[in-house]
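Asks:
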Amino acid sequence: MDRIARYLQHDPPALGPALARFRELARSRLDDWELRDGGSLSDGFVKRLQDGSPPTPAELEASPLSWLKAIDRELFDTTAPGAKTPGTPVFDGDDKHWVVRRVRPGTGFNARKCKPGYYTPWHHVLSACIEGIPTQVRSVPHDTARACAQIVGKNAFKIAIARFEDGVVETFSQFEDINLFRMEGFDRPQTRLQSALDALSKACLEAVDCLIFPELTFTPDIARSFAEHLLDSALKFVPNLPPLVVLGSYHEATRTIERPDTRNRALLLAHDGSRLMCFDKRSKVLFKFEPDGPDWAEALAPCETPYELLPLDAGLVGLAICKDLFDGSISDLLRKLDLDWLLVPSMSDKLTQHEGKTKQLHHQSGTVSIVANQAMPGQAGGKSYPCGYVQQGPSPEPCADPFTIVTLSLAASRLRIVK
0 MDRIARYLQH
10 DPPALGPALA
20 RFRELARSRL
30 DDWELRDGGS
40 LSDGFVKRLQ
50 DGSPPTPAEL
60 EASPLSWLKA
70 IDRELFDTTA
80 PGAKTPGTPV
90 FDGDDKHWVV
100 RRVRPGTGFN
110 ARKCKPGYYT
120 PWHHVLSACI
130 EGIPTQVRSV
140 PHDTARACAQ
150 IVGKNAFKIA
160 IARFEDGVVE
170 TFSQFEDINL
180 FRMEGFDRPQ
190 TRLQSALDAL
200 SKACLEAVDC
210 LIFPELTFTP
220 DIARSFAEHL
230 LDSALKFVPN
240 LPPLVVLGSY
250 HEATRTIERP
260 DTRNRALLLA
270 HDGSRLMCFD
280 KRSKVLFKFE
290 PDGPDWAEAL
300 APCETPYELL
310 PLDAGLVGLA
320 ICKDLFDGSI
330 SDLLRKLDLD
340 WLLVPSMSDK
350 LTQHEGKTKQ
360 LHHQSGTVSI
370 VANQAMPGQA
380 GGKSYPCGYV
390 QQGPSPEPCA
400 DPFTIVTLSL
410 AASRLRIVK
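In terms of numbering that gives the first Met the number 0, the numbers along the sequence shown are unbroken and rise by one, the last being 418.
Below is the structure:
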């Protein structure tokens with residue numbers, strides 16, 4: 000408490016570091032604090048911060064939750080509204096944290112709203128490094144912020160989940176001395192691009208807010224062509240372009256074609272094709288090219304890119320690709336992020352492990368997960384193959400068709416609150 004009091008005694012008060020430090024203390028001492036402090040927001044506490052009369056360490060200790068909420072509110076009132084520009088993380092004396100102003104206070108439906116150590120109504124407070132992975136909060140462009148504000152206005156998030164059934168066949172490079180593989184492309188890339196554009200047209204007709212494609216259904220060239228089409232459409236004022244598009248993922252050589260070093264990257268694009276954030280896969284999947292043949296692993300290079308997050312009016316958005324959802328360091332990181340929305344491009348013949356993780360995230364944090372799943376190479380699709388699912392309650396809701404539209408309510412009554 001001494002450190003928080005010193006931050007508040009600065010001229011002007013260092014409210015960001017104070018809030019980050021207070022939030023971290025709340026996580027470790029919340030049960031004790033709840034026994035002696037109701038945690039209601041006091042206008043008197045806020046006024047003291049405004050008048051330059053900060054609390055003493057003893058006063059902070061006596062009413063910790065009330066002071067935490069007062070600092071959260073005063074920081075919101077003294078920062079400029081507009082597009083979110085997180086800038087650089089703040090340092091609380093021990094660690095760095097992102098403190099990001101919510102455009103609309105109280106938005107997002109984190110199941111831990113009753114736990115001030117995990118949820119502050121006026122700001123997202125996120126560690127700048129989790130499980131050894133740096134995090135990066137992306138800025139939200141004005142056009143995207145305006146488009147996504149309509150999601151909150153209509154109290155619903157309309158999402159299209161797509162899967163390709165165009166008969167296009169994947170092509171691979173196999174590095175036989177080390178049993179690694181990279182997906183190089185498709186036998187008919189123009190057919191795949193047209194399939195993606197057809198899905199976009201359907202999404203526009205249905206006025207969806209987010210279109211999500213599965214894992215390894217693009218190439219870098221197809222992704223660029225798709226983004227250019229979005230830009231051309233935006234310049235022509237094509238109506239109802241989705242403000243959010245998850246461009247599945249693709250393999251890309253990170254050094255030379257001859258070497259196995261590969262990234263598996265998913266992109267989240269804006270309506271005009273600009274990049275909002277990206278995600279690089281960490282956990283290698285194993286694949287058999289022949290039924291009785293050896294296992295081949297994705298030729299993924301060590302990944303040093305930060306985990307990116309997008310703070311929208313409708314809540315905090317994150318990405319994960321298939322196996323990273325339930326295995327490895329990203330899976331551990333997701334457990335500590337308390338996301339509102341998790342978008343997951345996938346390619347798997349079964350989704351049992353995916354469902355186990357998304358159930359856990361929803362039970363713990365209220366996270367709504369949307370999984371778009373593609374048929375594995377060499378396997379037929381069809382309705383018997385899992386198209387993906389939405390986890391917005393205790394049980395996953397499977398997608399019935401290769402192009403499924405779901406409308407997710409933002410009403411708090413639909414959400415399971417964990418106290």
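For each residue, glycine too, the CB sits at the ideal point set by N, CA and C.
#1: Below 8 Å CB to CB, which residues in the same chain sit around GLN359 once its five sequence neighbours on both sides are set aside?
#2: Counting along the chain, where does the beta strand (DSSP E) carrying GLN49 start and finish?
#3: Would ILE320 and PRO344 qualify as a contact pair, given that the criterion is a beta-carbon distance under 7 Å?
#4: Looking only at its own chain, which residues have a Cβ that is under 6 Å from the Cβ of THR406, when we skip the five neighbours before and after it?
#5: Taking the straight line between their C-alpha atoms, what separation do you get for PRO56 and PHE90?
#6: Hey, which unbroken runs of the alpha helix (DSSP H) at 4 residues or more fall wholly within the segment 285 to 341?
#7: Please name the residue in ASP197, CYS209 and PRO238 whose C-alpha comes closest to that of PHE225.
#8: Quick test of your reading: SER248 and PHE217, contact by CB under 8 Å. State the CB separation rounded to the nearest angstrom.
#9: If GLU297 sits next to ASN263, beta carbons under 8 Å apart, how far is it from one beta carbon to the other, in whole angstroms?
#10: Unbroken beta strand (DSSP E) runs of length 3 or more, entirely within the segment 164 to 233: which are they?
#11: Report yes if the CB atom of HIS458 is closer than 7 Å to the CB atom of PRO242, and no otherwise.
#12: Would you say ALA25 and ILE70 are within 7 Å of each other, going by their C-beta atoms?
#13: Please give me, in chain order, every unbroken run of the beta strand (DSSP E) with length at least 3 that falls completely inside the segment 348 to 413.
#14: Using a 10 Å radius around the Cβ and a threshold of 16 neighbouring Cβ atoms, would you call ALA62 buried or exposed?
#15: Would LEU318 and ALA371 be called neighbours here (beta carbons separated by less than 7 Å)?
#16: Which value, in whole angstroms, describes the spacing of the CA atoms of ALA82 and GLY166?
#17: Would DSSP call THR87 helix, strand or coil?
#18: For LYS356, which residues in the same chain have their Cβ closer than 6 Å to its Cβ, ignoring the five residues on either side in sequence?
#19: Given this structure, state the Cα-to-Cα distance separating ALA399 from CYS386, to the nearest angstrom.
#20: What residue from PRO393, ARG2 and ARG274 has the CA that sits closest to PRO140's CA?
#21: What residues are listed by DSSP as bridge partners for LEU125?
#22: Tell me the DSSP secondary structure of PRO53 in three-state form.
#23: How big is the Cα-Cα spacing for GLY292 and SER364?
#24: Give me the Cα-Cα distance between ALA161 and PHE212, rounded to the nearest whole angstrom.
#25: Cutting at 6 Å between CB atoms, please list the residues of its own chain near PRO12, excluding the five before and the five after it.
#26: What's the C-alpha gap between SER232 and LEU240?
#27: Would SER126 pass as a contact of HIS96 if the rule is Cβ separation under 7 Å?
#28: Measuring alpha carbon to alpha carbon, tell me which of SER27, HIS228, VAL245 and ASP220 ends up nearest VAL207.
#29: In this structure, does DSSP put ALA82 in helix, strand or coil?
#30: Quick check: SER374 and TYR384, are their CB atoms within less than 7 Å of each other?
#31: Which of helix, strand or coil does DSSP assign to VAL244?
#32: Can you give the Cα-Cα distance for GLY92 and ARG101, rounded to whole angstroms?
#33: Taking the straight line between their C-alpha atoms, what separation do you get for ASP10 and GLU58?
#34: CA-CA distance, ILE132 and ASP94?
Replies: The relevant details are as follows:
#1: Cβ neighbours of GLN359 beyond the five flanking positions: ARG334.
#2: That residue, GLN49, is in no beta strand (DSSP E); its alpha helix (DSSP H) goes 42 to 49.
#3: Taking 7 Å as the Cβ cut-off, ILE320 and PRO344 qualify as a contacting pair.
#4: Taking THR406 as the centre and dropping the five residues before and after it, the same chain places the C-beta of ALA155 and LYS157 closer than 6 Å to its C-beta, in chain order.
#5: If I take the Cα positions, the gap works out to 20 Å.
#6: Segments of the alpha helix (DSSP H) lying fully in the segment 285 to 341: 328 to 336.
#7: Selected option, being the one with the closest Cα: ASP197.
#8: Contact between SER248 and PHE217 is confirmed by a C-beta separation of about 7 Å, below the 8 Å threshold.
#9: Rounded, the Cβ-Cβ distance is 6 Å, consistent with contact.
#10: Those beta strand (DSSP E) runs which fall completely within the segment 164 to 233 and span 3+ residues are 169 to 174, 179 to 185 and 209 to 211.
#11: Nothing about residue 458 can be read from this structure; the chain reaches only from 0 to 418.
#12: Result no, Cβ atoms of ALA25 and ILE70 do not sit closer than 7 Å.
#13: List check, beta strand (DSSP E) in window: 367 to 373, 387 to 390 and 402 to 408.
#14: Sequence check: residue 62 is Ser here, not Ala. Taking all protein chains shown into account, SER62 has 16 or more neighbouring C-beta atoms within 10 Å of its C-beta and is therefore buried.
#15: Not in contact: LEU318 and ALA371 (Cβ atoms no closer than 7 Å).
#16: Any reading at ALA82 must be qualified, since the residue scores a pLDDT of 42, below 50, and its modelled position is unreliable; the value itself is stated next. Approximately 42 Å, taken between the alpha carbons.
#17: The three-state reading of DSSP puts THR87 in coil, since its state is none of H, G, I, E or B.
#18: The residues LEU324 and PHE325, in chain order, have a CB closer than 6 Å to that of LYS356 in the same chain once the five nearest residues on each side in sequence are set aside.
#19: When rounded, the distance between both Cα atoms is 7 Å.
#20: Closest by alpha carbon: ARG274.
#21: Paired residue(s): TRP97.
#22: In the structure shown, PRO53 sits in coil (DSSP, three-state: anything other than H, G, I, E or B).
#23: If you take the alpha carbons of GLY292 and SER364, they lie about 41 Å apart.
#24: Going from the Cα of ALA161 to the Cα of PHE212 covers about 5 Å.
#25: Taken in chain order, the list of residues that qualify is empty.
#26: Note on geometry: alpha-carbon atoms of SER232 and LEU240 lie some 8 Å from one another.
#27: Yes, these two residues count as a Cβ contact at 7 Å.
#28: Closest by alpha carbon: VAL245.
#29: Model confidence at ALA82 stands at a pLDDT of 42, short of 50, so the residue's coordinates are unreliable; what they give is reported in the following sentence. DSSP, reduced to helix, strand and coil, places ALA82 outside both helices and strands of the structure shown, so it counts as coil.
#30: Here residue 374 turns out to be Ala, not Ser, going by the sequence shown. Contact flag set, yes.
#31: Under the three-state reduction of DSSP output, VAL244 falls in the strand class.
#32: Cα-Cα distance, rounded: 24 Å.
#33: A straight-line Cα-Cα distance of about 20 Å links ASP10 and GLU58.
#34: Roughly 14 Å between the two C-alpha positions.
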